[in-house]
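Trainee: One structure follows; several queries about it will come next.
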Amino acid sequence: MSRQPLDVLIRRVDPEVPVPSYGHPGDAGCDLVTTEAAELAPGERMVLPTGISIALPDGYAAFVHPRSGLAARCGVSMVNAPGTIDAGYRGEIKVIVVNLDPRESVRFERFDRIAQLVVQQVEKVRFHEVAELPGSARAEGGFGSTGGHAAVGNEFASVASDREGQ
Ligand SMILES: O=c1ccn([C@H]2C[C@H](O)[C@@H](COP(=O)(O)OP(=O)(O)OP(=O)(O)O)O2)c(=O)[nH]1
Ligand SMILES: [Mg+2]
């Protein structure tokens with residue numbers, strides 16, 4: 002059974018901008034457009050306006066994610082992926098795009114879809130300070146501690162090489 006959509010107020014800062022919509026019923030993100038044409042040289046970043054402001058209910062946040070098509074085909078991502086839109090934010094949503102292609106510029110026309118907005122429930126945290134945290138299987142492991150790629154070392158390869166060294 003599909004859930005009821007969350008009602009979110011939207012103000013169109015640019016009256017001609019389309020109200021964001023979902024491409025398919027089950028999509029998580031609705032696309033955001035740029036209201037300004039732009040051209041990014043290789044390595045260049047730019048803050049692009051989306052022409053909309055929203056009022057999220059308390060307990061929710063919206064996250065601005067890159068579009069995979071732009072990432073795969075043009076090397077376009079977002080410097081701060083995902084951008085975090087706070088429930089209390091009433092300003093225009095902007096997207097900080099970056100052109101990661103080493104050679105090709107990328108051009109956006111007005112109303113090109115440049116990112117996608119995912120709305121999620123978020124918890125408000127109340128911190129309780131302790132001297133020691135409870136133990137866990139991961140403990141302080143991070144940054145490749147589970148291996149799985151040559152770049153981060155692989156517990157099987159390291160075990161095998163240890164064995165060879167014996
Ligand atoms: O990609 C983004 C990220 C943020 N924002 C807006 C909405 C968000 O609520 C506000 C603040 O974002 P963030 O907390 O990431 O910015 P900050 O550098 O911490 O600024 P501030 O000190 O205003 O929180 O800026 C955007 O429009 N696009
Ligand atoms: Mg902030």
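Here the working numbering is used: the first residue of the sequence shown is 2, the next is one more, and so on. For every residue, glycine included, the Cβ atom is placed at its ideal position computed from N, Cα and C.
Can you give the Cα-Cα distance for E124 and V14, rounded to whole angstroms?
Mentor: 29 angstroms
Trainee: According to the neighbour-count rule (16 or more other Cβ atoms, all chains shown, within 10 Å of its Cβ), is G136 buried or exposed?
Mentor: exposed
Trainee: Assign T51 to one of two classes, buried (16 or more other C-beta atoms within 10 Å of its C-beta) or exposed (fewer than that).
Mentor: buried
Trainee: By alpha-carbon positions, which one of V9, A140, Q121, A29 ends up nearest to T85?
Mentor: Q121
Trainee: Check whether the Cβ of A132 lies closer than 8 angstroms to any Cβ atom in chain C.
Mentor: Here there is only one protein chain, and chain C is not present.
Trainee: Quick one: grab the DSSP three-state call for V20.
Mentor: coil
Trainee: Along the beta strand (DSSP E) that carries S78, what are the first and last residues, could you check?
Mentor: 77–79
Trainee: Tell me the residue span of the beta strand (DSSP E) that contains P67.
Mentor: No beta strand (DSSP E) holds P67; DSSP gives it neither H nor E.
Trainee: Quick check: the stretch 85–95 against the stretch 61–69, are there 3 or more CB pairs under 8 angstroms?
Mentor: yes
Trainee: Is it the case that the Cβ atoms of L71 and V80 are separated by a distance below 8 angstroms?
Mentor: no
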